[in-house]
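> Each residue of the sequence shown is one higher than the one before, starting from 1 at the first, in our numbering.
Even for Gly, the Cβ is constructed at its ideal location relative to N, Cα and C.
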Amino acid sequence: MKTIVHKIRLKDISLYHEFRDWVVHTDYEACYQLDSVLAFDVIDVSQAADAQFHFIEIIRLNSLEDFERDMQTPLFQSLVARFDQMAEVIEEISGERIGNGYQQ
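1) Ignore the nearest five residues each way along the sequence and tell me which others in S46's own chain have a CB closer than 6 angstroms to its CB.
2) Given a cut-off of 8 angstroms, decide if L61 and M1 are closer than it, judged by their beta-carbon atoms.
3) What residue does the beta strand (DSSP E) around L61 start on, and which one ends it?
4) Can you give the Cα-Cα distance for F40 and L15, rounded to whole angstroms?
5) What does DSSP give as the partner residue(s) for S94 in the beta ladder?
6) In terms of residue numbering, what span does the beta strand (DSSP E) encompassing D12 cover?
7) So A39 is in the alpha helix (DSSP H); what residue range does that whole segment cover?
8) Which of helix, strand or coil does DSSP assign to A81?
9) Could you compute how far the alpha carbon of I98 sits from the alpha carbon of V37?
10) At which residues does the alpha helix (DSSP H) containing D50 begin and terminate?
Pasting the structure below:
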């Protein structure tokens, strides 16, 4: 399983609540229509205006090739457009999960 982690910085901290609401009601909901996405979480890190980053998102994929195909869809492009109005990815890390991991 491929995992992508993004550190996200808001373009303006005044967008904090709007971004959180968009994640819950739009971004998460869109995942049901993206076959490549197995799991998607956004983690709230900081509300401080001067924080290096405000959120972390973790995307778990069935394959990178399928995700790249999903990225070309109008749905995904609409998510990117709205995201870009509010935030920016300041760092991306990706890799393969080792074994089945642990989940209680």
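Let me lay it out:
1) Cβ contact annotation for S46 (same chain, cutoff 6 angstroms, sequence separation greater than five): H54, in chain order.
2) Yes, they are a contact pair.
3) Here the beta strand (DSSP E) through L61 covers 55-61.
4) Roughly 21 angstroms between the two C-alpha positions.
5) Under DSSP, S94 shares a beta bridge with I4.
6) For D12, no beta strand (DSSP E) run applies, since DSSP gives it neither H nor E.
7) A39: not part of any alpha helix (DSSP H); member of the beta strand (DSSP E) spanning 37-44, first to last residue.
8) Residue state, collapsed to three classes: helix.
9) If you draw a straight line from the Cα of I98 to the Cα of V37, it is about 18 angstroms long.
10) Boundaries cannot be given for D50, as no alpha helix (DSSP H) includes it and DSSP labels it neither H nor E.
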